[in-house]
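Counting the sequence shown from 1 gives a position; my numbering is that position plus 184.
Each remark here refers to the structure printed beneath this line.
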Amino acid sequence: MTELRPSSPESHAWPKRRLAGAAIALAFGVGMLASYAEAASRVVSLPVPKVTLKRGDVINLTVLEQKSFQANRIDRFNIVPKSGELLGKEVTRELIAGMPIHRAAVAHREIIKRGAPAQLIFREQGLNIIAYVEPLEDGVIGDVIRVRNLDSGLIVSGVVQPDGTISIGP
Numbered sequence: 185m186t187e188l189r190p191s192s193p194e195s196h197a198w199p200k201r202r203l204a205g206a207a208i209a210l211a212f213g214v215g216m217l218a219s220y221a222e223a224a225s226r227v228v229s230l231p232v233p234k235v236t237l238k239r240g241d242v243i244n245l246t247v248l249e250q251k252s253f254q255a256n257r258i259d260r261f262n263i264v265p266k267s268g269e270l271l272g273k274e275v276t277r278e279l280i281a282g283m284p285i286h287r288a289a290v291a292h293r294e295i296i297k298r299g300a301p302a303q304l305i306f307r308e309q310g311l312n313i314i315a316y317v318e319p320l321e322d323g324v325i326g327d328v329i330r331v332r333n334l335d336s337g338l339i340v341s342g343v344v345q346p347d348g349t350i351s352i353g354p
């Protein structure tokens, strides 16, 4: 076995590499701590339910309030940042009072349900023709959906209206 002497150049090479690695790790760690501290100090205001909302409930302003959260706790999740994005939507998963709302927990409210009877309205120059149809798919306001006329069996497409009817024509 060869013994290293303090005066030989080989004896100092290993500690120098170790010190260099430690310095790099320390610099990286300080940078990470600084960015974490910056994110932790940032506060964001998010809409949260005032009360626990069950599946099927419709969200309106009376059930929402604003609550402050540290940004580092919510940045990694797909959270709804504004109340306006939630209004009129239907709860698809239970929402706990005071907790941020995940985008997957709410959905557009279906006005037209597949298979449920609906009214098809044709309007042109003051002429209104109403027919009863069976929707072949679910729909929200503005969706173009296919429906089957109950009398003739004819399948047509129409636009879902806010009043729950389906409109065709110009």
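Here a beta-carbon is modelled for each residue, glycine too, at the ideal position from N, C-alpha and C.
* Asked: At what residues does the beta strand (DSSP E) containing GLN303 begin and finish?
  -> Here the question's residue 303 lines up with position 119 in the sequence shown. Per DSSP, GLN303 belongs to the beta strand (DSSP E) from 302–308.
* GLY319 versus HIS286, GLY342, PRO233 and GLY240, residue with shortest Cα-Cα distance -> Your numbering for residue 319 matches position 135 in the sequence shown. With the sequence shown as reference, residue 319 is identified as Pro, and Gly is not the correct amino acid for it. Of HIS286, GLY342, PRO233 and GLY240, the residue nearest in Cα terms is GLY342.
* **Nearest to VAL275 (by Cα), restricted to the options GLY282, HIS286 and PRO265** => Taking the first residue of the sequence shown as position 1, residue 275 is located at position 91. Minimum Cα distance to VAL275 is reached at HIS286.
* Contact check, ARG293 vs ARG239, beta carbons under 9 Å -> Taking the sequence shown and counting its residues from 1, one reaches residue 293 at position 109. Taking the sequence shown and counting its residues from 1, one reaches residue 239 at position 55. No, the pair does not count as a contact, with Cβ atoms beyond the cut-off.
* Through-space distance from TYR316 to LEU338, alpha-carbon basis -> Taking the sequence shown and counting its residues from 1, one reaches residue 338 at position 154. Taking the sequence shown and counting its residues from 1, one reaches residue 316 at position 132. The straight-line gap from Cα to Cα measures roughly 12 Å.
* How big is the Cα-Cα spacing for GLY348 and LEU237? -> By 1-based counting over the sequence shown, the position of residue 348 is 164. By 1-based counting over the sequence shown, the position of residue 237 is 53. Approximately 24 Å between the Cα atoms of the pair.
* Buried versus exposed, by CB contacts within 10 Å (16 or more), LYS273 -> One-based indexing of the sequence shown puts residue 273 at position 89. Around the C-beta of LYS273, 16 or more other C-beta atoms lie within 10 Å, and the residue is accordingly described as buried.
* Of all the options LEU248, MET283 and ASP241, which has the alpha carbon lying nearest to the alpha carbon of SER267? -> In the sequence shown, counting from the first residue as 1, residue 267 sits at position 83. Closest by alpha carbon: LEU248.
* Asked: Can you pull the DSSP bridge partners for HIS286?
  -> The residue given as residue 286 occupies position 102 in the sequence shown. In DSSP, HIS286 forms a bridge with ILE263.
* Can you tell me where the beta strand (DSSP E) with GLY240 in it begins and where it stops? -> As a first step, residue 240 is located in the sequence shown; it is residue number 56 there, counting from the start. Counting along the chain, GLY240 falls outside any beta strand (DSSP E), and DSSP gives it neither H nor E.
* Own chain residues within Cβ distance below 6 Å of GLN345, not counting five before or after -> Here the question's residue 345 lines up with position 161 in the sequence shown. Cβ within range, chain order: SER351.
* To do: From the DSSP output, read off the bridge partner residues of LYS251.
  => The residue given as residue 251 occupies position 67 in the sequence shown. Note: LYS251 is bridge-paired with LEU230 in the DSSP secondary-structure output.
* State the beta-bridge partners of SER351 as determined by DSSP. => Looking up residue 351 in the sequence shown gives position 167. Paired residue(s): ILE305 and VAL343.
* Return the CA-CA distance between PHE261 and ALA288, expressed in angstroms with no decimal places. => Stepping through the sequence shown from its first residue, residue 261 is reached at position 77. Stepping through the sequence shown from its first residue, residue 288 is reached at position 104. Between PHE261 and ALA288, the C-alpha separation is close to 11 Å.
* According to the neighbour-count rule (16 or more other Cβ atoms, all chains shown, within 10 Å of its Cβ), is GLY323 buried or exposed? -> Within the sequence shown, residue 323 is the residue found at index 139, counting from 1. Burial call: buried.
* Inter-residue spacing [alpha-carbon to alpha-carbon] between ILE280 and ASP327 -> Within the sequence shown, the letter at position 96 stands for residue 280. Within the sequence shown, the letter at position 143 stands for residue 327. Distance between the alpha carbons of ILE280 and ASP327: 31 Å.
* **Exposure of HIS302, with buried meaning 16 or more beta-carbon neighbours within 10 Å** => The sequence position of residue 302 within the sequence shown is 118, counting from 1. What sits at residue 302 in the sequence shown is Ala, not His. So ALA302 counts as buried.
* Keeping to the same chain, check which residues put their C-beta closer than 8 Å to that of VAL242; ignore five residues upstream and five downstream. => The residue you call residue 242 lines up with position 58 of the sequence shown. Closer than 8 Å at Cβ, skipping near neighbours: GLY272, LYS273, GLU274, VAL275 and ARG293.
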